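In the UniProt record's numbering, the protein residues as written are 1 to 225.
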């Protein structure tokens with residue numbers, strides 16, 4: 001039994017409520033509230049799954065983290081569903097000369113590209129949009145991330161998540177007037193959390209809606225004759 005449990009733990013197929021080996025290797029997400037919920041930040045050199053609708057400002061969640069790197073390495077975007085804003089990346093302090101955008105012809109090619117970018121050591125972060133992965137494919141990506149000391153952020157949507165993957169961290173994002181509504185579905189060494197609001201208005205005030213007072217009454221507007 002102990003041998004079986006050790007095998008499952010070593011292959012990240014089960015999680016303990018509390019991590020038995022002390023603090024995990026994390027790096028600040030750039031948001032104090034999120035770091036508190038994650039007990040330090042995003043796990044480094046691993047796979048992070050994000051369930052998010054497209055176009056709700058989901059990339060803003062990653063920008064403060066992606067701009068943190070000790071030595072210049074590539075930031076790779078694989079199969080983004082739309083055009084990336086160079087102005088947004090530049091304003092976040094990301095060197096556009098270190099940004100690579102790939103549009104593979106198939107899901108298989110996207111997985112191959114992600115694995116090569118991760119394990120090459122030339123990338124510090126890979127952001128990929130993908131429809132469906134199997135566990136054995138995820139394991140290859142996890143090993144590649146550890147080998148190349150890079151992080152993989154995997155965007156998927158709820159309609160396409162059919163299999164729960166043994167990732168280091170799984171987040172769910174939903175839109176919110178002040179930024180994003182975040183739920184931690186699971187994280188290694190911890191439990192799922194209740195949803196909370198990640199206020200991004202101080203980072204991007206022009207994209208935040210003005211808060212509506214709770215006691216504001218609805219008054220009908222008279223129609224002009």
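Think of the CB as a built atom: it goes at the ideal place given N, C-alpha and C, for glycine as much as any other residue.
Keep in mind it's a predicted model, so treat the numbers as computed, not measured.
Residue pairing from DSSP leaves residue 34 without any beta-bridge partner. Here residue 82 has 54, 55 as same chain residues with Cβ atoms under 8 Å from its own Cβ, once five neighbours each way along the sequence are excluded.
In the same chain as residue 78, and ignoring 5 residues on each side of it, the C-beta atoms closer than 6 Å to its own belong to 102, 110, 113, 114, 128, in chain order. The C-beta of residue 142 has 16 or more other C-beta atoms within 10 Å across all chains shown, which makes the residue buried. Between residue 126 and residue 48, the CB-CB gap reaches or exceeds 8 Å. For residue 121, the closest of 148, 97, 133 by C-alpha to C-alpha distance is 148. For the options 180, 106, 144, 150, the alpha carbon positioned closest to that of residue 132 is the one of 106.
If you ignore the 5 residues before and after residue 99, its C-beta comes within less than 7 Å of the C-beta of 75, 89, all in its own chain and listed in chain order. Excluding the 5 residues flanking it on each side, residue 118 has same chain C-beta neighbours closer than 8 Å at 126, 141, 144, 145, 147, 148, 150, 152, in chain order.
Its chain contains 64, 65 as the residues whose beta carbon lies nearer than 6 Å to that of residue 30, once the 5 sequence neighbours on both sides are disregarded; these appear in chain order.
Within the DSSP bridge table, the entry for residue 156 names 51 as partners. Residue environment for residue 182: buried (at least 16 other C-beta atoms within 10 angstroms of its C-beta). Counting only residues of its own chain and dropping the five nearest sequence neighbours on each side, residue 199 has a CB closer than 6 Å to the CB of 178, 179. Counting only the Cα atoms, residue 169 lies some 4 Å from residue 187.
Bounds of the beta strand (DSSP E) holding residue 182 are 179 to 187.
Under the DSSP assignment, residue 140 falls in the alpha helix (DSSP H) whose first and last residues are 135 to 148. Collapsing the DSSP output to three states places residue 198 in a strand. Residue 50 and residue 124 have their C-alpha atoms roughly 18 Å apart.
In the three-state reduction of the DSSP assignment, residue 73 falls in the coil class. Residue pairing by DSSP places residue 126 opposite 76, 152 in a beta bridge. Membership of residue 175 in the beta strand (DSSP E) is indicated by the continuous run 169 to 176. Of the residues 92, 41, 96, 196, the one whose Cα lies closest to the Cα of residue 73 is 96.
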